[in-house]
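Using the UniProt record's numbering, the first residue of the sequence shown is number 1, and each one after it goes up by one. Following: one structure in structure tokens, then a few remarks.
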Amino acid sequence: MDVRAAVAFEAGKPLSIETVQLQGPREGEVLVEMKATGICHTDKYTLSGADPEGLFPAILGHEGAGVVVDVGPGVRSLKKGDHVIPLYTPECRECEYCTSQKTNLCQKIRVTQGRGLMPDGSSRFSLGGKPILHYMGCSTFANYTVLPEIALAKVREDAPFDKICYIGCGVTTGIGAVIFTAKVEAGANCVVFGLGGIGLNVIQGLRMVGANMIVGVDMNPGREAIARQFGMTHFVNPKDVKGDLVGHLVELTGGGADYSFECIGNVQVMRQALECCHKGWGVSTIIGVAPAGAEISTRPFQLVTGRRWIGSAFGGARGRTDVPKIVDWYMDGRINIDDLITHTMPLEQINDGFALMERGESIRAVVVY
Ligand code: NAD
Ligand code: AHE
Ligand code: ZN
Ligand code: ZN
């Protein structure tokens, strides 16, 4: 079938709106009509050429919501008409990783996903007879896409697509990092570096679990008001701190953070996030995706003296199990998504969405098909 897609032909170039061809679903696959997709910082990162796994030409996008229109042979858990959220971290429930109960990083299809291919090693998208690659197993920047059954969370049908698409990455990543990865307890003092589409969801996760201090750190003063609305109790702009930022944060938190979160992708900030943690027990979670080749460093003494450095992908969430619950939290009014979606646009204006993010003017821009 013909579908409308924003194609990334090469790194560093704007997306191009094209009519591309999409083959139907094969064994274990599902054809989804995409209804809405968020634009995440990671799409920009890959488009920039900084992602070692970034392959071109590809159809980017990994933060979508839509409706099942067809299923391939052997698909049992989904049927035509089901509402779904694509999962770049699938949940097969049978691989060594899924059954370990220690991680959400299902590896069943990770190798082919990283090569921009479906699990059978081929692409469903093409243009003029030449294959176009999938991205993160999702390719939500197309109005129809094909995904493996294990990479779709079935969600309730009364939830609005243009809001719950954000649960496909940013909301789950931020709230999940607090609840599933760091397992922050009530009364904790916390520092969040980067108050964008991810960091603001970390903040609302911290408020949900009853954190005491929620310190937000961002160089963009425009982020203070919205972060306070979501639960931030103290704002620190590094540009306004005279002297050492780490020392300032340790003093502000009365000895260091019980938990810190890096939501930027800057390795210097990752070091600050670790080192502002409390001696003996502070835990720092890396969420930000750093450029290819970048490395983190600190004095090992920071770890010897009890700080711990961990990371989180997709908030530690098991997609098919946890994403429907997060949709319920939104529908029950327990989490706020609406105020984080600052812009909506048709697919034809998707490059404007990337520009808004680059200028720090949007929290989330959402393409509505
Ligand atoms: P964003 O651009 O919306 O937000 C980043 C924020 O950091 C901005 O408010 C910016 O002003 C601030 N900032 C930049 N440099 C800073 C500095 N030196 N000090 C303080 N603040 C600074 O980005 P986002 O969508 O929130 O994504 C954040 C990061 O998380 C990206 O690297 C993205 O790729 C990554 N990410 C990771 C996962 C995961 O599963 N681990 C999921 C989604 C996104
Ligand atoms: N491809 C990059 C790494 C990118 C990365 O870390 N992706 C996160 C999700 S970011 C969503 O916005 C992730 O889930 N990683 C786990 C995984 O298996 O990809 C690189 O460095 O190669
Ligand atoms: Zn993302
Ligand atoms: Zn698995």
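Idealized CB from N, CA, C, for every residue including glycine.
*Can you have a look at D258 and say buried or exposed, based on whether 16 or more other CB atoms are within 10 angstroms of its CB?*
With 16 or more Cβ atoms within 10 Å of its Cβ, D258 is classed as buried.
(request) State yes or no: is the C-beta of H248 nearer than 7 angstroms to some heavy atom of ligand 3? (result) No, since every heavy atom of ligand 3 falls outside the 7 angstroms radius drawn around the Cβ of H248.
**Prompt:** Are the beta-carbon atoms of T60 and A11 separated by less than 8 angstroms?
**Reply:** For the record, residue 60 in the displayed sequence is Leu; it is not Thr. The answer is no: Cβ separation not under 8 angstroms.
Checklist entry - From this set, H83, G74, L200 and H248, which residue's C-alpha is nearest P324's C-alpha? => result Of all alpha-carbon atoms in H83, G74, L200 and H248, the one lying nearest the alpha-carbon of P324 is that of H83.
Taking only the alpha-carbon atoms, compute the straight-line gap between E157 and N266 and give it to the nearest angstrom. Straight-line Cα distance between these residues: approximately 38 angstroms.
- Query: In this structure, does DSSP put H248 in helix, strand or coil?
  - Reply: H248 falls in the helix class under three-state DSSP.
Worksheet item: Expressed to the nearest angstrom, what Euclidean distance is found between the alpha-carbon atoms of I17 and L195?
Response: Between the C-alpha atoms of I17 and L195 there is a straight-line separation of about 31 angstroms.
Point to revise | Buried or exposed by the 16-neighbour rule on C-beta atoms within 10 Å, applied to F301 | key: Exposed: under 16 other Cβ atoms inside 10 Å.
**Asked** What are the boundary residues of the beta strand (DSSP E) that includes M310?
**Response** The sequence given here has Ile at residue 310, not Met. For I310, the enclosing beta strand (DSSP E) has its first and last residue at R308 to G311.
Quiz item: According to DSSP, what are the bridge partners of M345?
Solution: DSSP, once it has assigned bridges, lists V367 as partnering M345.
- Mind checking whether H134 and G116 have CB atoms under 8 angstroms apart? In contact: H134 and G116 (Cβ atoms closer than 8 angstroms).
### Message
Please list the terminal residues of the continuous beta strand (DSSP E) segment that includes Q21.
### Response
Segment S16 to L22, the beta strand (DSSP E) holding Q21.
Answer with buried or exposed for residue 377, where buried requires no fewer than 16 other C-beta atoms within 10 angstroms of its C-beta. Because the chain here runs from 1 to 369, residue 377 falls outside it and cannot be looked at.
| request: Would you kindly report the start and end of the unbroken alpha helix (DSSP H) that includes D70? | output: Taken as a continuous stretch (DSSP letters only), D70 belongs to no alpha helix (DSSP H), being part of the beta strand (DSSP E) at G64 to V71.
- Item | C-beta atoms of Y144 and V32 nearer than 8 angstroms | Less than 8 angstroms divides the Cβ of Y144 from the Cβ of V32.
- Query: Can you name the start and end residues of the alpha helix (DSSP H) that T253 belongs to?
  - Reply: Neither: T253 is in no alpha helix (DSSP H) and is coded neither H nor E.
Sequence-distant residues of the same chain with beta carbon closer than 8 angstroms to G255, five excluded per side
Result list for G255: H278 and K279, in chain order.
Query raised in the report: Is it a yes or a no for the segment 184 to 192 touching the segment 149 to 164, going by three-plus beta-carbon pairs under 8 angstroms?
Result: In short, these stretches do not touch, since the Cβ pair count stays below three.
Checklist line | Residue burial classification, K108 (beta-carbon count within 10 angstroms, cutoff 16) | finding: Its Cβ being crowded by 16 or more others within 10 Å, K108 is buried.
_DSSP-derived helix/strand/coil call for M34_ = M34 falls in the strand class under three-state DSSP.
Fill in: Exposed unless 16 or more other CB atoms sit within 10 angstroms - verdict on N220
Taking a 10 Å sphere around the C-beta of N220, we find fewer than 16 other C-beta atoms and assign the residue as exposed.
| said: On a Cα-Cα basis, can you pick out the residue from A142, N212 and V283 that is closest to G64? | reply: Closest by alpha carbon: A142.
Please indicate yes or no: does the CB of F9 lie closer than 7 angstroms to some heavy atom of ligand 2? Answer for F9: no, Cβ out of range of ligand 2.
Practice prompt. Please confirm if the segment 295 to 311 is in contact with the segment 332 to 339, defined as three or more CB-CB distances below 8 angstroms between the two stretches.
Written response: Flag = no, the segment 295 to 311 and the segment 332 to 339 do not touch.
Looking at C-alpha atoms only, which residue of G74, A273 and G243 is the closest neighbour of G311?
Ranking the options by Cα distance to G311, first place goes to A273.
Nearest-angstrom Cα separation, counted from V217 out to S260: Taking the straight line joining both Cα atoms gives about 11 angstroms.
Notebook entry, point to check: Between the segment 313 to 324 and the segment 174 to 183, are three or more C-beta pairs nearer than 8 angstroms?
Noted result: In this structure the segment 313 to 324 lies against the segment 174 to 183, because at least three pairs of beta carbons, one per stretch, are closer than 8 angstroms.
Exercise for review: Take the Cβ of Q113 as the centre, count every other Cβ of all protein chains shown within 10 Å, and call the residue buried at 16 or more, exposed below.
Suggested key: Flag for Q113 reads buried.
Query - Identity of the residues DSSP links to G216 by a beta bridge - result: In the DSSP secondary-structure assignment, G216 is bridged to V192 and F235.
Shortest alpha-carbon distance to D240 belongs to which of L249, L347 and T233? Put simply, of L249, L347 and T233 the residue whose alpha carbon is nearest the alpha carbon of D240 is L249.
Euclidean distance between Cα positions of M136 and H62:
H62 has its alpha-carbon roughly 7 angstroms from the corresponding atom of M136.
Check: The beta strand (DSSP E) spanning Y144 covers which residue range?
Finding: In this chain, the beta strand (DSSP E) harbouring Y144 covers Y144 to P148.
Below 5 angstroms from a heavy atom of ligand 3 - residues by beta-carbon = Those satisfying the condition are, in chain order, C40, T42 and C169.
### Task
Please say whether L147 and residue 372 have beta carbons closer to each other than 8 angstroms?
Since the first residue of the chain shown is 1 and the last is 369, residue 372 is not available in this structure.
- Any idea if A36 is buried or exposed, counting beta-carbon neighbours within 10 angstroms, 16 or more meaning buried? It is buried - the Cβ of A36 has at least 16 other Cβ atoms within 10 Å.
Discussion item. Going by DSSP in three states, A227 sits in which element: helix, strand or coil?
Written reply: Helix at A227.
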